[in-house]
Amino acid sequence: SVSDTAAFACSCLRYGACPDLCNNAAMNQRELAETAIPVVQIPMTAGAMVLVYQLEGVDKLRLSREAVVGIFLGTVTHWNDPLIVAANPGVDLPKTPITLVVRADSSGTTFVMTSHLSAIDKTFSERIGATMTPQWPDALKKRGALLRAHGNGGVMALVRSIPGSIGYTQYAYAYNSNISMAMLQNKNGQFVAPNDESFKAAIESFQAEKDPNNLVDPQGADSYPILTLSWLVIRKDLADEAKSKALQEVVRYCLTDGQTISAKLGYIPLSKGMIENILEHTEWFGKTAK
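Structure, rendered in structure tokens:
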């Protein structure tokens, strides 16, 4: 009923799902088993991670995998580094120091970014790894090339205000903000821009391989290289049957009709096959969702 749904929306703490109601980093089986109350996690939508930058006169920028790793490891220090120049023929790249803007808070966004970097580079994987709270290289700190900001909005604000800066954020925060986003090199060696077409290609690749790790470095010539799923974490054992059914209806709406809203908000709708699989194989839904 409307009243049950409204009660759920206004008192999410009772459902054991706040404050981290949605997260970009899925819990593993051990973490699920160790929660204080039984929970279920369900993917709601997909999102892309983008690199936003502030570089006067450079409207289009290509970054190879080696260049991106070098920026985050502190070995690529200026915008006219040979690794960047090689991928941008004809572009007048300045000898401006690179300032890397990262998250100050523990972040699923950071987990996705470091997961991608770990997937594409062994050195990054061994030194830093996939984590929400990375220990960034001393080389960045010593030359004052590392700045921290809270939230995606904070990262974007710093990048906007600092010439020569670059940072990572969710596409949903950047796509309608008149900020420059780099084209990134994917696993197939192609440079792709973050857009609906490259996102769709990556999602289809993910479906084809059915590999949970695929989204942080998907196959496909047209695939954007850094995607993630956003997960809803909710309590399994609600005693109130009416509220339980209302919650199921809300989640089911998000997975069906609600998916049409994703693209408008800068997110990526789940494919029909993914949604059917979730509704069919997630025991929590029971008969309500079928």
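Under our numbering, the first residue of the sequence shown carries the number 8, and numbering increases by one thereafter.
All C-beta atoms, glycine included, are put in the ideal place defined by N, C-alpha and C.
Beta-carbon contacts of residue i that lie in its chain and below 7 Å, excluding the five residues immediately before and after
i	result
residue 139	32, 113, 114, 115, 117 and 118
residue 170	61, 63 and 103
residue 200	190
residue 125	131, 132, 136 and 137
residue 73	90
residue 147	81, 107 and 153
Cβ distance (whole Å) where residue i is taken to contact residue j below 8 Å
i	j	result
residue 289	residue 47	7 Å
residue 277	residue 53	6 Å
residue 213	residue 225	6 Å
residue 78	residue 105	6 Å
residue 127	residue 210	At roughly 19 Å, the Cβ-Cβ gap does not stay under 8 Å, so residue 127 and residue 210 are not in contact.
Cβ pair residue i, residue j closer than 8 Å
i	j	result
residue 177	residue 56	yes
residue 192	residue 228	no
residue 173	residue 58	yes
residue 130	residue 80	yes
residue 175	residue 162	yes
residue 223	residue 122	yes
residue 101	residue 87	yes
residue 65	residue 98	yes
residue 109	residue 153	yes
residue 234	residue 206	yes
residue 180	residue 202	no
residue 259	residue 44	no
Collapsed DSSP secondary structure at residue i in the structure displayed
i	result
residue 156	strand
residue 237	strand
residue 166	helix
residue 139	coil
residue 106	strand
residue 28	In this prediction, residue 28 scores a pLDDT of 42, lower than 50, which makes its location untrustworthy; the coordinate-derived value is nonetheless stated afterwards. Residue 28: coil per DSSP, three-state reduction.
residue 178	helix
residue 172	strand
residue 199	strand
residue 205	helix
residue 122	helix
residue 100	coil
residue 212	helix
Neighbourhood of residue i by C-beta, 6 Å cutoff - its chain only, sequence neighbours within 5 removed
i	result
residue 68	189
residue 261	51
residue 281	none
residue 120	56 and 175
residue 195	228
residue 187	60
residue 94	69 and 71
Neighbourhood of residue i by C-beta, 8 Å cutoff - its chain only, sequence neighbours within 5 removed
i	result
residue 204	229
residue 164	156
residue 167	61 and 186
residue 85	102, 103, 104 and 105
Contact test: residue i Cβ vs the ligand PLP heavy atom, cutoff 7 Å
i	result
residue 225	With respect to the ligand PLP, the structure shown offers nothing to examine, as it has no ligands at all.
Minimum length 4: unbroken alpha helix (DSSP H) runs contained in the segment 226-291: With a minimum length of 4 residues, the continuous alpha helix (DSSP H) runs that stay inside the segment 226-291 are 248-262, 266-269 and 279-288.
Runs of alpha helix (DSSP H) wholly within the segment 65-94 (minimum 4 residues, chain order): As far as the segment 65-94 is concerned, its whole alpha helix (DSSP H) runs of at least 4 residues are 72-80 and 89-93.
Segments of 4+ residues assigned as alpha helix (DSSP H) that fall wholly inside the segment 39-64: Entirely contained in the segment 39-64, not one alpha helix (DSSP H) run reaches 4 residues.
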